[in-house]
Amino acid sequence: MSDNLFGKKIFEYESIIHEKFSERIQNIYCKNFNEIHILTISPEDSNEVSYFIHDKLRCGLVTVICTDERNIENTIDWKDKSVNSKQTINFNKNWQYGFSLRLIFSSETDDIFFIVTTFLPNVDNPAYPSNVVRIPSAIYYEKEIFDMFGIIAQGNPDTRKLVLHERWPDNQFPLRRDFNIKTKNKIRLNKPYKFLKVEGEGICEIPVGPVHAGIIEPGHFRFSIYGENILNLETRLYYTHKGIEKLAETMTLDEALLLSERISGDESVANSMAYCQAIERMASIQIPKKAAQIRTICAELERIWNHLGTVAGMCTDVGFAYGSSRINILKEKIMRINEKLSGSRLLFGVNKIGGVKIDFKPETLGLILADLSQILQDFDNLVKSLHNTSSFMDRLKGTGIISSQDVQALGANGVIARCVGIDIDTRKNHPYAYYQYIDLENIQGIVDKIAYEVELKKRKGDVLSRFEVRVVEITHSVHIIKKIATDILDKSTKQELHNTPQTQNDEGLVIDNLKNHLQPYDSALGYSESHRGQTIHWVMLGKDSNKIFRYKIRTASFCNWPLIELAVQNNIIPDFPLINKSFDLSYSGNDL
Amino acid sequence: MSTEISAYPSSVLVGFIQFLIIIVLAPLLTGIMRRIKAITQKRIGSSIFQTYFDLLKLIRKDEVISEESSWIFRYSPWIIFSATLVVAFFIPILIPYPPFGLGFDIILLLGLFGLCRFFLMLAGLDVSSAFGGIGVSREMMTSSLLEPALFLVLFTLAVTYGSTNIYTIVSHAAEGSMMISASILFSLFGFFIIVMAETGKLPFDNPATHLELTMVHEAMVLEYSGKRLAVIELSQSIKQLVLMILFINFFIPWGLSTNFSPATMIGGLGIFLTKIITLGVLISYIESKVAKWRLFRIPDLIFLCMASGLMGMIFLYI
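This is the structure we're talking about:
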């Protein structure tokens, strides 16, 4: 993180953008270690800058954040915070506050985020020109912003509702500040959702869900089929929309931590870690090393048990009960380790703003290392026997293929990107917590870069490659945990030997005075790699710096759901559950 | 072997006992097979009598019948059940002779099973739910391929033993030598695949799945509940048992009693139960070792079965 602050790279980027767009930019500065903030004059300018960053600097759009700043004086963005910045500012005094729109781009080569901000004037029907034509992945963000804020993206071809379904009244926008959280809508509109119709002889539509036969989350799938072949699939989600972002605006920082753990129960560590990091970055502090180690171990444990669950689920969905029950046994063992370490099978209550709530005893760590080795060995044997089960492999191979072009265009990440050979991983691209001290490439066995590139090119993007990516990641995670655990154990034995006095900053688990460093209306990004992919949280504090003004969450599921519609095309209906499981997306984390 | 000796009252009694054995033990076999599958998956599994409790529960429950459905949906379970019961009356377990003085032809057996399937498909289509339609189209695809294969296999047997009458085939097989001829061996293989397919076992169908989109048989009966579902499930269990009994009696009939003495009949029953449970265990074991095949690869397996039936036929003449 901190390398960039003193490194040249971030200033190089800053100069490039400043030189090229000096007419279009009001302010440009670096903040929170690795964020370049670019304040543009008008939405059109913002788009131009975004296109440049997206096309020329090859940065992917990670999220679009809209904020209702109509009645506040957001001094942070206006004050000259650019102590480290060399650029001058064209300060524009004729300013009126309105909705702010932040497009966030993440560089794949450097640890840098670009935040392109623009303010929309406070008028009756705010609008801005859509980005969709040049940046396709913006489409879902723009639809979401229309539903929640009523801001129109002019030129977005898809004007159907996304988050709020048709029954919701047209003139109510929940994330605007003047929308009361206690509002109960009596009006229920009865408009249908316009699914894309495929017409022709012999073509049927099958509606599936939102209530399914298994104990899974709700989602509606509309298939257009010809015989067994899927011609088109449209997903309709947001049945579990809980208003998390609105709810967070009524909360203090500590309360919102609990909320962040519950965004999607199986990503509790990843989400709460992203949230905590946002606050910690805002306060410009680094958490104690031991706390970072504990966080990282928990994050990897979470990855292991979820990947195991997904692999087991894939076995269930092809009807291979033997494999699924054996792998579920391993998953259960990991969950028991979770319970032993954190008191919660789902690793709730691990993170705290400024550190962690739990401590690992050296004895338990030793035991767990032995357990993990055993589990890994069992898992390797099981994977071998799965590879030898031809009926299982046959179902996986060539099923649900996605192309790397689609993945790039729609901004998918995590396993979905890696299964087509795009090597993006937040742990590597934007190291956080303890990952910056771990040589991930070494653990992943990347000795020869070119050989690795060739290896990546071989990935086809089918269910089998997603299966293999998950299998490999489980192994890597176990190795990461082993590495960190040995680091912790080494340290504690050394201390016993030398009996050195512990320094407060290095040995505590929490930084207590963190909240004194927070300023009103400050904001920061927090990010982590959950087992599904990149998780981005953006927190903006309120006037009272212990309250949240806006909390924007974007889990990996949000980016990856659109890919399913493409993956199932030209596949047959009975393979859909398998493809869906191989993606392993969260409904709750998507619907928020 | 002659069909004339069957007019005795004792043979009618034996016939009823056979019928009762089939009806009563059918759910037990399903329970045993589920238990075996559970054990291969390192689960404890439910009791082998759970299937009886399930049936009782279903019978007591209320039914929900779609307003869109016609009489076909309401009467199909009873038609299926009665056709299955008729089959159950004529399946030899204790003696290879017709207990009611009537012969029972394989063609009739196939016809009755065809009737069951026909009404099951109609009922699946009748409620006009999307899943019913999908299930029916898949069932039609499999069964239209499966039936020629079944005919081929059964005709090999019929030609070998000189009749299409089940009792004649079974009694001849039971008296025959233990040296199986090549044609019978090929038929055995073909018939085994057919038993797996007809009873909806993996790799053809996964009866344990909760995924609506992958179901075949389950999709057709998805709209049924309560009594009618119980009747369909019982029919399915009976059909499974009947097919397995036929497999045993056609291909490994040794130990079957050839006279009416109670001692040999009870001994024969013991051997029969051992055989049927072994077969059940074998099928469950195979099921746990294989994943469900891709839908459009299932015809490959049926072609294999057809080819083996054909081979059996060819070997008969060379």
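If you're matching them up, the sequences are chains A and B in order. This note's numbering puts the first sequence at residues 12 to 603. This note's numbering puts the second sequence at residues -7 to 310. Built from N, CA and C at the ideal position, the CB exists for glycine as well. Source: prediction; values computed, not measured.
- Message: With H, G and I counted as helix, E and B as strand and the rest as coil, what does DSSP make of A:F190?
- Response: Assignment of A:F190 by DSSP, reduced to helix, strand and coil, places it in the coil class.
- Message: Does any residue of chain A have a CB that is nearer than 8 Å to the CB of B:A200?
- Response: Closer than 8 Å: yes.
- Item | Alpha carbon of A:F102 to alpha carbon of A:I492, nearest angstrom | Low confidence applies to A:F102: its pLDDT is 46, below 50, so where it sits in the model is not reliable enough to give any reading.
- Item | Within-8 Å CB hit, B:A80 to chain A | Taking a beta-carbon distance threshold of 8 Å, B:A80 does not count as an interface residue toward chain A.
- Bridge partners of A:E464, per DSSP? Looking at the DSSP output, A:E464 sits in no beta bridge, so it has no partner there.
- Query: Assuming A:P147 contacts A:A381 under a Cβ cut-off of 8 Å, what Cβ separation, rounded to an integer in Å, is found between them?
  - Reply: Incorrect: roughly 48 Å between the Cβ atoms, too far for contact.
- Of all Cβ atoms in chain A, is any one closer than 8 Å to the Cβ of B:Q33? Yes, B:Q33 lies at the interface with chain A (some Cβ there is under 8 Å from its Cβ).
- Task: Name, please, each residue of chain A whose Cβ falls closer than 8 Å to the Cβ of B:F73.
- Result: Within chain A, no C-beta atom comes nearer than 8 Å to that of B:F73; the closest sits roughly 25 Å away.
- Item | Amino acids of chain B, ordered along the chain, whose beta-carbon sits closer than 9 Å to that of A:I340 | Residues of chain B passing the Cβ test: K34.
- Do B:G192 and B:V208 have their CB atoms nearer than 8 Å? Here B:G192 is near B:V208, since their CB atoms are less than 8 Å apart.
- Query: Any C-beta of chain A sitting closer than 8 Å to the C-beta of B:T(-5)?
  - Reply: The predicted model places B:T(-5) with a pLDDT of 44, which falls under 50 and marks its position as unreliable, so this point remains unresolved.
- Please decide whether B:T311 counts as near chain A, where near means a Cβ-Cβ distance under 8 Å. Not covered by the structure: residue 311 of chain B. The range shown for chain B is -7 to 310.
- Query: Looking only at its own chain, which residues have a Cβ that is under 8 Å from the Cβ of A:S597, when we skip the five neighbours before and after it?
  - Reply: Excluding five sequence positions before and after A:S597, the CB atoms of its chain that fall closer than 8 Å to its own CB belong to E228, S275, D277, E278, R543, T566, S568, given in chain order.
- Query: Is the shortest distance between the beta-carbon of B:E59 and the beta-carbons of chain A less than 8 Å?
  - Reply: Cβ-Cβ to chain A under 8 Å: no for B:E59.
- Message: Quick check on A:R477: buried or exposed, where buried means 16 or more other Cβ atoms within 10 Å of its Cβ?
- Response: If you draw a 10 Å sphere on the C-beta of A:R477, you find 16 or more other C-beta atoms in it, and that means buried.
- What residue ranges within the segment 48 to 87 of chain A form continuous alpha helix (DSSP H) runs of no fewer than 4 residues, ordered along the chain? Segments of the alpha helix (DSSP H) lying fully in the segment 48 to 87 of chain A: 54 to 62.
- Query: Can you name, in chain order, every residue of its own chain whose Cβ lies under 7 Å from the Cβ of A:P573, other than the five neighbours on each side?
  - Reply: Exclusion of the five residues before and after A:P573 leaves Y151, L421 as the residues of its chain whose Cβ lies within less than 7 Å of its Cβ.
- By a C-beta neighbour count over all protein chains shown, 10 Å radius and 16 as the cutoff for buried, is B:T134 buried or exposed? It counts as buried.
- Message: Judging by CA-CA distance, which residue of B:R27, B:I9, B:G259, B:F8 is the nearest neighbour of B:I275?
- Response: The shortest C-alpha separation from B:I275 is found at B:R27.
- Query: What does DSSP give as the partner residues of A:D405 in its beta bridges?
  - Reply: Answer is none; A:D405 lacks a bridge partner.
- Query: Beta-carbon separation of A:P185 and A:K253 under 8 Å?
  - Reply: Between A:P185 and A:K253, the gap from beta carbon to beta carbon reaches 8 Å or more.
- Message: Looking at chain B, is there any beta carbon in it that lies within less than 8 Å of the beta carbon of A:F331?
- Response: Chain B, which has a Cβ nearer than 8 Å to the Cβ of A:F331, makes this yes.
- Per DSSP, what kind of secondary structure is A:S534 in: helix, strand or coil? The three-state secondary structure of A:S534, taken from DSSP, is strand.
- Message: What would DSSP say about A:F232, mapped onto helix, strand or coil?
- Response: Of the three classes helix, strand and coil, the one that applies to A:F232 here is strand, per DSSP.
- Query: Leaving out the 5 sequence neighbours to the left and right, which residues in its chain are closer than 7 Å to B:L302 when beta-carbon positions are compared?
  - Reply: A distance below 7 Å between beta-carbons, with the five flanking residues on each side excluded, links B:L302 to the following residues of its chain, in chain order: L144.
- Cα-Cα separation between A:S141 and A:T120, rounded to whole angstroms: The straight-line gap from Cα to Cα measures roughly 27 Å.
- Beta-carbon neighbours of B:T22, restricted to chain A and to distances below 9 Å: Listed along chain A is no residue with a C-beta nearer than 9 Å to that of B:T22; the closest approach is about 16 Å.
- Query: What are the start and end residues of the beta strand (DSSP E) that includes A:H223?
  - Reply: Going by DSSP, A:H223 is part of no beta strand (DSSP E) at all; its letter is neither H nor E.
- Query: Anyone know if the C-beta pair for A:R171 and A:Y204 falls short of 8 Å?
  - Reply: Against a cut-off of 8 Å, the Cβ pair of A:Y204 and A:R171 comes out as a contact.
- Query: Using a beta-carbon distance cut-off of less than 7 Å, what residues from the segment 123 to 143 of chain B approach chain A?
  - Reply: Per Cβ criterion, the list reads I126.
- Item | Backbone secondary structure at A:I217 - three-state DSSP | A:I217: strand per DSSP, three-state reduction.
- Message: Once the 5 residues before and after A:N15 are set aside, which same chain residues still bring their CB inside 7 Å of it?
- Response: Because the pLDDT at A:N15 is just 45, under 50, the model does not fix this residue reliably, and the point stays unresolved.
- Task: Examine chain A for any beta-carbon lying closer than 8 Å to the beta-carbon of B:V282, and answer yes or no.
- Result: Yes, because at least one Cβ of chain A sits closer than 8 Å to the Cβ of B:V282.
- Pick out whichever of A:C309, A:S336, A:K363 has its Cα sitting closest to the Cα of A:G320. A check of alpha carbon separations from A:G320 across A:C309, A:S336, A:K363 identifies A:S336 as the nearest.
- B:K267 - containing beta strand (DSSP E), residue span: In the DSSP assignment, B:K267 falls outside any beta strand (DSSP E) and lies within the alpha helix (DSSP H) extending over 254 to 281.
- Message: Can you look up A:K172 in the DSSP assignment and give me helix, strand or coil?
- Response: In the structure shown, A:K172 sits in coil (DSSP, three-state: anything other than H, G, I, E or B).
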